[in-house]
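K.L.:
From first to last, the protein sequence lines stand for chains A and B. Position one of the first sequence corresponds to residue 99 (the numbering used here), numbered consecutively onward. Position one of the second sequence corresponds to residue 99 (the numbering used here), numbered consecutively onward.
2 protein chains.
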Amino acid sequence: MVNVAVLGFGVVGSGVAEVLATNGAQIDRKVDDLIRLKYILDVREFPDSPFADKIVHDFSVIEQDPEVSIVVETIGGAKAARDFTERALQSGKSVVTSNKELVASHGYELLQLAKEHGVSYLFEASVGGGIPIIRPLNQCLAANRIEEICGILNGTTNYILTRMIRAGLSFDTALKEAQANGYAEQDPTADIEGHDACRKICILASLAFGRHIYPDQVPTQGITGVSLADVAYADACGRKIKLLGRAMRRPDGAVSAFVSPHLVALEDPLSGVEDVFNAITVKGNAIGDVMFYGRGAGKLPTASAVVADVIDAAKHLGKRNYLGWGPGGPDAAVPPEDVASVWYLRLTEGGEEVRAAFPEAARLTRSGAPEGEQALLTGEALTRSALERRLAGLVPAAAFRVLD
Amino acid sequence: MVNVAVLGFGVVGSGVAEVLATNGAQIDRKVDDLIRLKYILDVREFPDSPFADKIVHDFSVIEQDPEVSIVVETIGGAKAARDFTERALQSGKSVVTSNKELVASHGYELLQLAKEHGVSYLFEASVGGGIPIIRPLNQCLAANRIEEICGILNGTTNYILTRMIRAGLSFDTALKEAQANGYAEQDPTADIEGHDACRKICILASLAFGRHIYPDQVPTQGITGVSLADVAYADACGRKIKLLGRAMRRPDGAVSAFVSPHLVALEDPLSGVEDVFNAITVKGNAIGDVMFYGRGAGKLPTASAVVADVIDAAKHLGKRNYLGWGPGGPDAAVPPEDVASVWYLRLTEGGEEVRAAFPEAARLTRSGAPEGEQALLTGEALTRSALERRLAGLVPAAAFRVLD
Numbered sequence: 099m100v101n102v103a104v105l106g107f108g109v110v111g112s113g114v115a116e117v118l119a120t121n122g123a124q125i126d127r128k129v130d131d132l133i134r135l136k137y138i139l140d141v142r143e144f145p146d147s148p149f150a151d152k153i154v155h156d157f158s159v160i161e162q163d164p165e166v167s168i169v170v171e172t173i174g175g176a177k178a179a180r181d182f183t184e185r186a187l188q189s190g191k192s193v194v195t196s197n198k199e200l201v202a203s204h205g206y207e208l209l210q211l212a213k214e215h216g217v218s219y220l221f222e223a224s225v226g227g228g229i230p231i232i233r234p235l236n237q238c239l240a241a242n243r244i245e246e247i248c249g250i251l252n253g254t255t256n257y258i259l260t261r262m263i264r265a266g267l268s269f270d271t272a273l274k275e276a277q278a279n280g281y282a283e284q285d286p287t288a289d290i291e292g293h294d295a296c297r298k299i300c301i302l303a304s305l306a307f308g309r310h311i312y313p314d315q316v317p318t319q320g321i322t323g324v325s326l327a328d329v330a331y332a333d334a335c336g337r338k339i340k341l342l343g344r345a346m347r348r349p350d351g352a353v354s355a356f357v358s359p360h361l362v363a364l365e366d367p368l369s370g371v372e373d374v375f376n377a378i379t380v381k382g383n384a385i386g387d388v389m390f391y392g393r394g395a396g397k398l399p400t401a402s403a404v405v406a407d408v409i410d411a412a413k414h415l416g417k418r419n420y421l422g423w424g425p426g427g428p429d430a431a432v433p434p435e436d437v438a439s440v441w442y443l444r445l446t447e448g449g450e451e452v453r454a455a456f457p458e459a460a461r462l463t464r465s466g467a468p469e470g471e472q473a474l475l476t477g478e479a480l481t482r483s484a485l486e487r488r489l490a491g492l493v494p495a496a497a498f499r500v501l502d
Numbered sequence: 099m100v101n102v103a104v105l106g107f108g109v110v111g112s113g114v115a116e117v118l119a120t121n122g123a124q125i126d127r128k129v130d131d132l133i134r135l136k137y138i139l140d141v142r143e144f145p146d147s148p149f150a151d152k153i154v155h156d157f158s159v160i161e162q163d164p165e166v167s168i169v170v171e172t173i174g175g176a177k178a179a180r181d182f183t184e185r186a187l188q189s190g191k192s193v194v195t196s197n198k199e200l201v202a203s204h205g206y207e208l209l210q211l212a213k214e215h216g217v218s219y220l221f222e223a224s225v226g227g228g229i230p231i232i233r234p235l236n237q238c239l240a241a242n243r244i245e246e247i248c249g250i251l252n253g254t255t256n257y258i259l260t261r262m263i264r265a266g267l268s269f270d271t272a273l274k275e276a277q278a279n280g281y282a283e284q285d286p287t288a289d290i291e292g293h294d295a296c297r298k299i300c301i302l303a304s305l306a307f308g309r310h311i312y313p314d315q316v317p318t319q320g321i322t323g324v325s326l327a328d329v330a331y332a333d334a335c336g337r338k339i340k341l342l343g344r345a346m347r348r349p350d351g352a353v354s355a356f357v358s359p360h361l362v363a364l365e366d367p368l369s370g371v372e373d374v375f376n377a378i379t380v381k382g383n384a385i386g387d388v389m390f391y392g393r394g395a396g397k398l399p400t401a402s403a404v405v406a407d408v409i410d411a412a413k414h415l416g417k418r419n420y421l422g423w424g425p426g427g428p429d430a431a432v433p434p435e436d437v438a439s440v441w442y443l444r445l446t447e448g449g450e451e452v453r454a455a456f457p458e459a460a461r462l463t464r465s466g467a468p469e470g471e472q473a474l475l476t477g478e479a480l481t482r483s484a485l486e487r488r489l490a491g492l493v494p495a496a497a498f499r500v501l502d
């Protein structure tokens, strides 16, 4: 018998309880043991829930129960979640989480703590919701030197962009619709400003390249600056605007990561990823490109990833888990300033100067463009600083990289 | 030190040697031990190979060397490969393979033999080349009851269909081009008749549904009956023709699997999988649909999947491996006769009778259709037997299912 405690009875936590109940017989067969939900920690009572008898309000009940060997943390944030995670690991319990903020900001220390205490710290659900990506990256692609990771990592922004592209909604209208459908929070900042995607690319980059990459090392631009004009110009050149998290190994071995809107060609499988779906492409030196696609959020998809980790933790009780990476530091990631791309530019002034600055550019047109607006794709790949030198003080209304 | 022997120095076997050499330092870090290639078994000599000093011709050298703990079988076929695999497992060595024929026809017995001897039998590379699918299906989706698997599992046929669709080549011309490019064998039967896809869906279905499904339980139709007329009619209704391997859990719990050409809607991510790429979608009761996409064949992609299994085997030496399924039997899979689909039909005769038989059908047109040809999508989903009753003796020139 393997006893599990769930911390936080919100969307994901209640989904975990539901998946353990619904698919319990099959899960027990997978582990060849009985996995049982013993406690649910929450400040609230849930008198009408079928799990009401498992609710406790004091973490120390869980911490001090030697029968509990796996703790599922679905509280979110980096405060109580961090405290409870540390105490659980120190008590010799494995911890499974969907908490991308905590892993992105304190993953290295928590993985070290888990190692010291001979337990697992697992977080498949922290990236891509239910999509298997952490374990495939760590195990299935283990024979590769990973060269680049590129993904649509946030379902909320992908939904908004999809509605702008397909229904012609403005950003504000699409955001309101996403909120009405439950795809965006009432405070949508973390999604639309790219912070959520940033945390996820940090986790993927740390795992792929072997040192902790922190969110403040990853320049992040969200989608609030994307307009319907940009959508129209992208369409005019056979591309779609997507918010991408990217991390790459540079020729000198350094790692760069960033989050920003990109123009993605229709032939690229990422361009077909719509609505709240996520997709992550991984390039390895042996395997080439592989892509993982599915629902990046949602109660049951995310819960199914959490429970897969619970199964893994249960199989490895008392055994070594190989998931982890080395410490971060200022040299673990270098700014992406000299990553060269073709750029999409939209400007509202400077007609003559722009034509002179980018003589080889492909000019784009759209119907209904206001007087003086111009848009182009720079003909050659430029670093950001080279782009700014060419612009010589002109400030574009939009400047997005074009994905190779 | 973990010593490895590779059986068969062909495309995949030499790729394994290359990946172990190229990415050796990183692989050793992953295992926290030294993985060394000690022997390569082949009937030939390779005096100019950098691995010439590792070549042996007698399997018993490997079998009797207690230092060898992992054997990589890349011989193919089910004769010598089976004999050597059994002897390796009986000698307490883990075996890693890319051999789909052997796994599809004898996987259950070999997995049992591995279990009896406390070693692993791993075959990530047997399906989807380098695409991680076996381990994600077994581990990451372990919390799900799998409902259906549907995939483009054969790169050769997908290349031929892509060339028919995009370049208007006939089947024969596209096949010749595939042979010239090294994407098809000189004897292409196993690919174009669907046998290769059949073996792969057998392996996936066995893993997903828990009992061995044998190739002779899987009705298999290849692509030799697909014509440019069918490509044109599919295009006329916004679909592409793809060869799919499918396995599904039926409402009564039984499993059905089959391989056949399907019409796939452009909105379905599978329709965008082109050339030699493979993609596999898995539907779970918690996760919904997830898709895995990448190169389904090729020396280094396949070798990278083999080496990932070598790493896994090295981490689990002397420990239990949970990969496996139960015995097959006549009741493990039921024929898909009562799986209902909308059907695409092309007929060269019987105009009146066809219109009467399918009054609700969507009729399709193409330019240049010969006198008397008609094509349609049946309006409602029909089982194969219901379709045949409607056809009342008329024999269509093509009858393909439309993917839901």
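From the three backbone atoms N, C-alpha and C, an ideal C-beta is built for every residue, glycine too. Remember, predicted model here, so these are calculated numbers, not experimental data.
By the 8 Å beta-carbon criterion, what residues does the stretch 235-252 of chain A contribute toward chain B?
P.N.:
Those would be Q237, C238, L239, A240, A241, N242, R243, in chain order.
K.L.:
Answer with buried or exposed for L105(B), where buried requires no fewer than 16 other C-beta atoms within 10 angstroms of its C-beta.
P.N.:
Around the Cβ of L105(B), a 10 Å sphere holds 16 or more other Cβ atoms; the residue is buried.
K.L.:
At the 8 Å Cβ level, is E214(A) part of the contact set with chain B, yes or no?
P.N.:
no
K.L.:
From what residue to what residue does the alpha helix (DSSP H) around P399(A) run?
P.N.:
397-413
K.L.:
Would you kindly work out how many angstroms separate the C-alpha atoms of A278(A) and V357(A), rounded to a whole number?
P.N.:
26 Å
K.L.:
Quick one: Cα of E199(A) to Cα of L259(B), how far?
P.N.:
45 Å
K.L.:
What residue does the beta strand (DSSP E) around M99(B) start on, and which one ends it?
P.N.:
Looking at the DSSP string, M99(B) is not in any beta strand (DSSP E), and its letter there is neither H nor E.
K.L.:
Helix, strand or coil: which one does DSSP assign to T322(A)?
P.N.:
coil
K.L.:
G111(B): which of Q162(B), P164(B), G396(B), T446(B) sits nearest, CA to CA?
P.N.:
Out of Q162(B), P164(B), G396(B), T446(B), G396(B) has the C-alpha closest to the C-alpha of G111(B).
K.L.:
What in chain A is Cβ-close to D410(B), meaning under 7 Å?
P.N.:
Q237
K.L.:
Hey, quick one: how far does the beta strand (DSSP E) through V109(A) stretch, first residue to last?
P.N.:
DSSP places V109(A) in no beta strand (DSSP E) but in the uninterrupted alpha helix (DSSP H) bounded by 109-120.
K.L.:
Check the Cβ of A406(A) against every Cβ in chain B and list those closer than 8 Å, keeping chain order.
P.N.:
Q237, C238, L239, A240, A241
K.L.:
Could you please give the first and the last residue of the uninterrupted alpha helix (DSSP H) stretch that includes H204(A)?
P.N.:
198-214
K.L.:
Helix, strand or coil: how does DSSP classify L235(B) here?
P.N.:
helix
K.L.:
Out of E458(B), R444(B), I153(B), point me to the one whose CA is closest to R464(B)'s CA.
P.N.:
R444(B)
K.L.:
Since L462(B) sits in a beta bridge, which residues does DSSP pair it with?
P.N.:
A473(B)
K.L.:
Please work out which residues of its chain come closer than 7 Å, Cβ to Cβ, to Y281(B), disregarding the five sequence neighbours upstream and downstream, and give them in chain order.
P.N.:
Cβ neighbours of Y281(B) beyond the five flanking positions: G253, T254, Y257, V374.
K.L.:
Between the C-alpha atoms of G426(A) and H310(A), what's the straight-line distance to the nearest angstrom?
P.N.:
4 Å
K.L.:
Straight-line CA distance for G416(B) to H414(A)?
P.N.:
In this structure, the straight-line span from the alpha carbon of G416(B) to that of H414(A) is close to 14 Å.
K.L.:
Could you give the residue range of the beta strand (DSSP E) that holds Y442(B)?
P.N.:
440-445
K.L.:
Quick check on D387(B) - is its C-beta less than 8 Å from some C-beta in chain A?
P.N.:
Yes, because at least one Cβ of chain A sits closer than 8 Å to the Cβ of D387(B).
K.L.:
Taking the Cβ atom as the reference point for each residue, do F107(A) and F157(A) lie within a distance shorter than 8 Å?
P.N.:
Contact annotation: F107(A) and F157(A) have beta-carbon atoms that are not nearer than 8 Å.
K.L.:
For A403(A), which option in S167(A), S224(A), A431(A) has the closest C-alpha, if you only look at C-alpha atoms?
P.N.:
S224(A)
K.L.:
With distances taken from CA atoms, which of A496(A), V500(A), S196(A) is nearest P399(A)?
P.N.:
S196(A)
K.L.:
Evaluate the contact criterion for the stretch 483-495 of chain A versus the stretch 117-129 of chain B: three or more CB pairs, one atom per stretch, below 8 Å.
P.N.:
no
K.L.:
With a cut-off of 8 Å on the beta carbons, I'd call A363(B) and R344(B) a contact; round off their distance for me.
P.N.:
Their Cβ separation, rounded to whole angstroms, is 15 Å, which puts A363(B) and R344(B) out of contact at 8 Å.
K.L.:
Since V114(B) and V405(B) should fall inside the 8 Å C-beta cutoff, what is the C-beta to C-beta distance between them, to a whole number of angstroms?
P.N.:
Confirmed, about 6 Å.
K.L.:
Short of 8 Å in beta carbon distance, which residues of its chain neighbour D366(A), apart from the five on each side in sequence? Order them along the chain.
P.N.:
L501
K.L.:
Pull up the distance between the alpha-carbon of A430(B) and that of S369(A), whole angstroms please.
P.N.:
Going from the Cα of A430(B) to the Cα of S369(A) covers about 40 Å.
K.L.:
How about K413(B): is its C-beta nearer than 8 Å to some C-beta of chain A?
P.N.:
yes
K.L.:
For the beta strand (DSSP E) that contains L139(B), what are its first and last residues?
P.N.:
For L139(B), the enclosing beta strand (DSSP E) starts and ends at 133-139.
K.L.:
Exposed or buried, what is Q162(B) when buried is set at 16 or more other beta-carbons lying within 10 Å of its beta-carbon?
P.N.:
Around the CB of Q162(B), fewer than 16 other CB atoms lie within 10 Å, so the residue is classed as exposed.
K.L.:
Which term fits K340(A), buried or exposed, when burial requires 16 or more other beta carbons within 10 angstroms of its beta carbon?
P.N.:
Classification of K340(A): buried, given that the 10 Å Cβ count is 16 or more.
K.L.:
From the DSSP secondary-structure annotation, give me the bridge partner or partners of R344(A).
P.N.:
C248(A), F356(A)
K.L.:
For L398(B), would you say it is in contact with chain A, using Cβ-to-Cβ distances shorter than 8 Å as the test?
P.N.:
yes
K.L.:
Using only the alpha-carbon positions, how far apart do S189(A) and V159(A) sit?
P.N.:
12 Å
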